[in-house]
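Here's the structure we're looking at; comments come further down.
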Amino acid sequence: MGTKTTSKGARTQQAILDAALGLAEVEGLEGLSFGRVAKAIGMSKSGLFSHFKTKEELQLAVYEHAVARFGAAVVQPILDTPEGLPRLWHLCESWLDYAYGGVFEHGCFFTAVAAEYQSRPGAIRERMLRGVVEFNVILRQVISRGIELGHLRPDVDVPQLAFEVHSFMGSANSGHQLFGTTEPLERAWTGIRMRLLGVLTPHAPTLPGLQQPRSRGAATTTESPA
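The numbering used here applies: residue 3 is where the sequence shown begins, and numbers increase by one.
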């Protein structure tokens with residue numbers, strides 16, 4: 003009986019987080035309310051309070067739910083890829099696939115949250131900052147391993163390269179959401195590819211899409227400012 007009750011509670015909480023994340027993608031974390039979330043899943047507000055006591059607790063849980071989705075789409079797939087350049091390139095590819103859509107219905111959840119909380123102190127901003135640091139750590143680790151294996155030049159400035167790759171990603175996400183075109187994603191892809199090509203050694207493995215370019219999808223005809 004206890005296991006069944008726990009399973010039902012877990013399923014209910016999953017439904018709450020799915021619904022809340024869907025609302026937050028459109029209206030932001032600040033737009034979440036117990037009333038809206040309860041209505042979205044057809045339960046009472048009192049039932050929702052049995053899972054989350056405060057709005058901030060709900061917001062943080064939604065953020066962690068989004069982190070889990072991102073990790074499953076971008077980070078987990080690279081773990082079976084050989085270390086060094088293949089893993090670094092796979093990370094970039096996984097991120098681009100994520101940015102094109104499919105993980106979040108209304109674009110990158112984290113870009114929207116950053117716009118809400120980058121200047122607002124509190125627990126959500128602290129969690130957001132920790133997430134940025136965590137992704138940068140992953141980038142630095144795979145870049146460093148690429149140097150150790152002789153795939154990347156030994157004089158590569160690891161923090162600088164990680165910053166540049168992450169900057170391309172952030173700029174592309176913002177432009178993609180703002181202008182509704184894939185052009186920023188294509189430009190980020192080109193920028194990341196050219197930056198990595200500039201630091202490869204003669205011993206670097208040849209990878210499809212890096213030394214041998216392949217299309218990442220046709221950009222729309224919608225134009226964005228230069």
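Think of the CB as a built atom: it goes at the ideal place given N, C-alpha and C, for glycine as much as any other residue.
Quantities reported herein were computed from a predicted structural model and do not represent experimental measurements.
Note on geometry: alpha-carbon atoms of G133 and K41 lie some 30 angstroms from one another. By the C-beta density criterion, R89 is buried, having at least 16 other C-beta atoms within 10 angstroms.
When the beta-carbon positions are compared, H153 and P207 come within less than 8 angstroms of each other. Between the region 109-123 and the region 39-55, the count of Cβ pairs shorter than 8 angstroms is below three; the stretches do not touch. Scanning its chain for C-beta atoms nearer than 6 angstroms, with the 5 sequence neighbours on each side dropped, one finds around L187 the residues A101, A174 and H178, in chain order. Less than 8 angstroms divides the Cβ of L151 from the Cβ of E85. Residues of the same chain with a CB within less than 7 angstroms of the CB of N138, apart from the 5 flanking positions on each side, are A164 and H168 in chain order. In this structure, DSSP gives P84 a state outside helix and strand, which the three-state scheme calls coil. Closest by C-alpha distance to Y65, out of F106, L199 and W97, is F106. Residue burial annotation: A68 is buried, with at least 16 other C-beta atoms found within 10 angstroms of its C-beta.
Cβ-Cβ separation between I145 and V160: approximately 5 angstroms, consistent with a contact (criterion under 8 angstroms).
The three-state reading of DSSP puts P79 in helix, counting H, G and I together. Taking all protein chains in view, the Cβ of Q61 is crowded by 16 or more other Cβ atoms within 10 Å, so the residue is classified as buried. For L154, the secondary structure class from DSSP, reduced to helix, strand or coil, is strand. Here the alpha carbons of Q120 and W97 stand approximately 22 angstroms from one another. Taking a 10 Å sphere around the C-beta of G148, we find 16 or more other C-beta atoms and assign the residue as buried. In this structure, DSSP gives P123 a state outside helix and strand, which the three-state scheme calls coil. For M196, the uninterrupted alpha helix (DSSP H) segment begins and ends at E185 to L199.
Non-local C-beta neighbours of F36 in its own chain, meaning closer than 6 angstroms and more than five positions away in sequence, comprise K47 and L50, ordered along the chain. Of G103, A190 and I80, the smallest CA-CA separation from L93 is found for I80. Distance from the CA of W191 to the CA of L25, rounded to the nearest whole angstrom, comes to 30 angstroms. Linking E32 to E118 through their CA atoms gives a straight-line distance of about 8 angstroms. Here V201 has L154, R155, V158 and L163 as same chain residues with Cβ atoms under 8 angstroms from its own Cβ, once five neighbours each way along the sequence are excluded.
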